[in-house]
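0 is the number of the first residue of the sequence shown in numbering that gives the first Met the number 0; add one for each residue after it.
Here a beta-carbon is modelled for each residue, glycine too, at the ideal position from N, C-alpha and C.
These notes concern the structure reproduced below.
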Amino acid sequence: MVQWGDTEQLEVLVMSIAPAADIVHVWIEQGSPVRLVWAGNRYRAVGAEAIRTAVAHDALTHPAEHLVGWSVIGRSEQDPADVRVFQLQRHGVGWILVDVDPT
């Protein structure tokens, strides 16, 4: 049993309820996100910018870039006034939400 005066047990309790990364379902057409679902809400992409990183290799004069995520501006289908910027990162075969900000 956790007693609120016991800080060691309280720290363990807080650490054990840390949120997991949010999974985002993303639909991509012609190489760009067109819509996504997050927290039960559907969003249409009104803008998207790829986040890439260079793949370093000594033999290449122009290193290839690797897609690591997207910065997507999404407008809610349920509430058009709800516009957010989603920072998405590739995770296995899907996507996770790194950050979300209202615009």
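Determine the direct distance from the alpha carbon of residue j to that of residue i, and round the result to whole angstroms.
| i | j | result |
| --- | --- | --- |
| residue 54 | residue 77 | 40 Å |
| residue 31 | residue 47 | 7 Å |
| residue 89 | residue 45 | 20 Å |
Please list the terminal residues of the continuous beta strand (DSSP E) segment that includes residue i.
| i | result |
| --- | --- |
| residue 32 | 31-37 |
| residue 101 | 93-101 |
| residue 78 | That residue, residue 78, is in no beta strand (DSSP E); it is neither H nor E in DSSP. |
Assign residue i to one of two classes, buried (16 or more other C-beta atoms within 10 Å of its C-beta) or exposed (fewer than that).
| i | result |
| --- | --- |
| residue 63 | exposed |
| residue 66 | exposed |
| residue 87 | buried |
| residue 91 | exposed |
| residue 37 | buried |
Within a Cβ cutoff of 8 Å, which residues of the same chain sit near residue i, ignoring the five residues on either side of it in sequence?
| i | result |
| --- | --- |
| residue 15 | Unreliable positioning characterises residue 15 in this predicted model, as indicated by a pLDDT of 36, which lies under 50. The coordinate reading is nonetheless provided below. Excluding sequence neighbours, residue 15 sits near nothing in its chain. |
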